[in-house]
Amino acid sequence: MDNPLPTDPCAFIRRDIEITQKLIDEDRVGLQHPEVLTHDDVVRLKVDLERRGALLESFLESFRRCRAENPRCRRTHAGRTVSTARHVPPAIASAERGRSPEMTTHAEQLK
1 MDNPLPTDPC AFIRRDIEIT QKLIDEDRVG LQHPEVLTHD DVVRLKVDLE
51 RRGALLESFL ESFRRCRAEN PRCRRTHAGR TVSTARHVPP AIASAERGRS
101 PEMTTHAEQL K
């Protein structure tokens, strides 16, 4: 992974989002192989998915607030303004548009 620019106040939140999304993806892959999991493993993975989904929602909200409050978050290395779509890492973009139904329902309950 690239090291974030020290002048980018949103970089740490972006990194947290990427890590959380990776963990969610790994849990989903694990749930696709129930034949090798015990009941306790399945329950644990589902609980982890729920917690990480809530955490991801929190990070996404923090990221949106950070971007709104810090114009430097919208700058490239050369200092040019970039579009939101190009600035948002793939993990964030996929998390915002590709939530599972469970995550969407859980996110709505948290609002």
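Numbering-wise (UniProt numbering), the sequence shown opens with residue 1 and increments by one. All residues carry an ideal CB built from backbone N, CA and C; glycine is no exception. Just so it is clear, the structure is predicted and the values come from calculations on it, not from any experiment.
Secondary structure of Leu23 (DSSP, three-state): helix. Boundaries for Glu35: no alpha helix (DSSP H) harbours it, and the DSSP string shows neither H nor E there. Contact between Pro9 and Cys73 holds, since their C-beta atoms are separated by about 6 Å, short of 8 Å. The DSSP-derived three-state label of Cys10 is coil. Cβ-Cβ separation between Leu56 and Thr20: approximately 5 Å, consistent with a contact (criterion under 8 Å). Between Arg14 and Phe63, the C-beta spacing is below 8 Å. Burial of Phe59 is indicated by the presence of at least 16 other C-beta atoms within 10 angstroms of its C-beta. A check of alpha carbon separations from Val43 across Lys22, Leu31 and Ala54 identifies Leu31 as the nearest.
Rounded to whole angstroms, the separation of the alpha carbons of Ala54 and Leu37 is 24 Å.
Here Arg67 is buried, its C-beta having at least 16 other C-beta atoms within 10 Å.
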